[in-house]
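**Student:** Residue numbers (the working numbering): 209 to 301.
1) Rounded to whole angstroms, what is the Cα-Cα separation between residue 274 and residue 230?
2) Could you pull out every residue in the same chain whose Cβ sits closer than 7 Å to the Cβ of residue 258, ignoring the five residues on either side in sequence?
3) Roughly how many angstroms lie between the CA atoms of residue 288 and residue 270, to the nearest whole one?
4) Just to confirm the assignment, what range does the alpha helix (DSSP H) spanning residue 230 have?
5) Whole-angstrom Cβ separation of residue 358 and residue 221, contact assumed at under 8 Å?
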């Protein structure tokens with residue numbers, strides 16, 4: 209399963225992991241990235257719920273946007289190396 213997810217997230221992970229330069233990694237960066245991903249997915253779920261409840265399909269755009277950001281955050285947090293996590297935060301020396 210992890211290999212499949214790595215293939216799906218490779219367009220995002222490859223540039224982050226192959227970038228040049230030093231990086232500063234702290235375990236809290238990964239934790240915050242996980243929390244942000246969960247929060248974005250919650251916002252996407254709430255947006256979908258209210259969009260369907262009031263029958264307005266225009267609310268699907270923010271749902272896709274927040275859901276995509278949440279999935280990217282969780283994908284990098286769980287599948288990415290320490291360098292990928294640091295680079296998504298733009299931590300450079």
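Every residue, glycine too, gets a C-beta built ideally from N, C-alpha and C.
For clarity, every value in this text was computed on a predicted model and none was experimentally measured.
**Tutor:** Reading off the structure:
1) A direct Cα-Cα distance of roughly 30 Å separates residue 274 from residue 230.
2) Take residue 258, set aside five residues on each side of it, and the residues of its chain with a beta-carbon closer than 7 Å to its own are 267, in chain order.
3) Pairing residue 288 with residue 270, the inter-Cα distance amounts to about 26 Å.
4) Taken as a continuous stretch (DSSP letters only), residue 230 belongs to no alpha helix (DSSP H), as it is neither H nor E.
5) Nothing about residue 358 can be reported from this structure: the residues present for the chain run from 209 to 301 only.
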